[in-house]
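These notes are about the structure you will find just below.
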Amino acid sequence: MEIEANFFKGHEMRKTYRSKKFRENICIKYTDLDGGPAVFEINQQLLTDIIKSKVKRFTLEGYTLTGRQLFYQLVKDNAVPNAEKVYKRILSLLVDLRYNGVIDWDAIEDRARESSRPSQWKHISGLIDSALYAYRLPRWKDQDYYLELYCEKQALEGILRPVADKYHIYYGSNKGYSSASAMYRIAKRMDDKIYANKICKLIYLGDHDPSGLDMVRDIQERICEFLGLEVENNEFFNVIPVALNKEQIEIYSPPPNPARFEDPRAKWYIKEFGNVSWELDALEPSVLVDVAEGAILEYLDMDKYNGWIKREKKDAIKLREFNKGPEE
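Throughout, this note's numbering is defined as the position within the sequence shown, counted from one, plus 184.
And the structure:
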């Protein structure tokens, strides 16, 4: 089918695709944290207004949330109860609100289903601008430490990766217990840095639940196995857990979840912490950023780091002058 050349000129995606008539109230039967039956009921428009207010606030702060993060913000404000059935209904509502143009499609993200393609430019100057933006010298070359930032949750990549990018370090998400291949690649980088007389730290953020806490031990043991190091009391490599911990739970009061009894590690966890757990997603984005950034700055010599940035700026001036070419 042939399309006229100017058909899409000035075209923009529509804001509204459906015209769903919402019910006046939402009513959900669910199981509460104590295992008993409960009912949640709220006016549909009231809940929508609360969601719109949350989305507006985080958008203005520069954050795009996942559906789960937004749900936890609603739970934290006592707008909805913390229950799986309620969570699924909120996700369904978020879909309807976007299709009906109530909230913007770009306000909610799904990191698990991201797509990508190789870069392209309209002209050579665009390539040079991109190169200038990406140009970085080895900023950690003269640092005493080598750092990497890791998170249990892939869904939080949009919040935490910019922190890693800002300080020029590797970022990764293990999405549960990491594969042997992923552990080997990390260990290989650590081995290179240890050989270069660096002290290596892997800054880690994860859930406060049986598996989330145990992953710190798992990563430490597996990386040390590849490096031929003692798991404890070695000065070359250590996992540094910075979230989620009991102190942060007491300060920020994230909503609790029941500990999963089917988790084989639940027995020791419940004995020490009780039968509740907390997810990292429940912390506000700004808190996650502050925690990660604070952990990095603890090991970073900023004077040395800024020295490299100054050199990069001087190099960028030279490259821009080169791009202009000789005067005619």
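Here a beta-carbon is modelled for each residue, glycine too, at the ideal position from N, C-alpha and C.
E332: member of the beta strand (DSSP E) spanning 329 to 335, first to last residue. Secondary structure in the segment 369 to 423: the beta strand (DSSP E) runs of 3 residues or longer, each lying completely within the stretch, are 383 to 389 in chain order.
Looking only at R295, K382, L316, the smallest Cα-Cα distance to L344 is reached by R295. Within the segment 232 to 313, the runs of alpha helix (DSSP H) at least 4 residues long that lie entirely inside it are, in chain order, 251 to 260, 268 to 283. Cα atoms of G220 and I210: separation of roughly 20 Å, rounded to the nearest angstrom. Shown here for D261: not one same chain residue has a beta carbon closer than 6 Å to its own, the five before and five after excluded. In the three-state reduction of the DSSP assignment, F457 falls in the helix class, which pools H, G and I.
In this structure, the alpha-carbon of C408 lies about 28 Å from that of E431.
Ranking I370, F420, P442 by CA distance to the CA of H392 puts P442 first.
Taking every protein chain shown into account, the CB of P302 has fewer than 16 other CB atoms within 10 angstroms, so this residue is exposed. Comparing alpha-carbon positions, the option among P265, S299, L386, N266 lying closest to Q404 turns out to be L386. Taking each of G360, L275, K269 in turn and checking the Cα distance to E293, the smallest one comes out for L275.
The residue among Y453, K451, M367 with its C-alpha nearest the C-alpha of V423 is M367.
For Y355, the enclosing beta strand (DSSP E) stretches over residues 354 to 357.
Apart from sequence neighbours up to five positions away, the residues of its chain that approach T200 with a beta-carbon distance below 7 Å are N284, G285, ordered along the chain.
In this chain, the alpha helix (DSSP H) harbouring P469 covers 469 to 481. Contact annotation, I383 with F420: C-beta distance approximately 7 Å; criterion of less than 8 Å satisfied. With respect to L428, G396 sits close: the two C-beta atoms are nearer than 9 Å. Just measuring C-alpha positions, the residue of E482, Y319, E463 sitting nearest D499 is Y319. Here DSSP, grouped into helix, strand and coil, assigns A443 to coil. Its Cα nearest to that of P440, the residue D216 stands out among D216, W289, M197, E482.
Using a Cβ distance threshold of 9 Å, L321 and M374 do not count as a contacting pair.
A direct Cα-Cα distance of roughly 14 Å separates E245 from K236.
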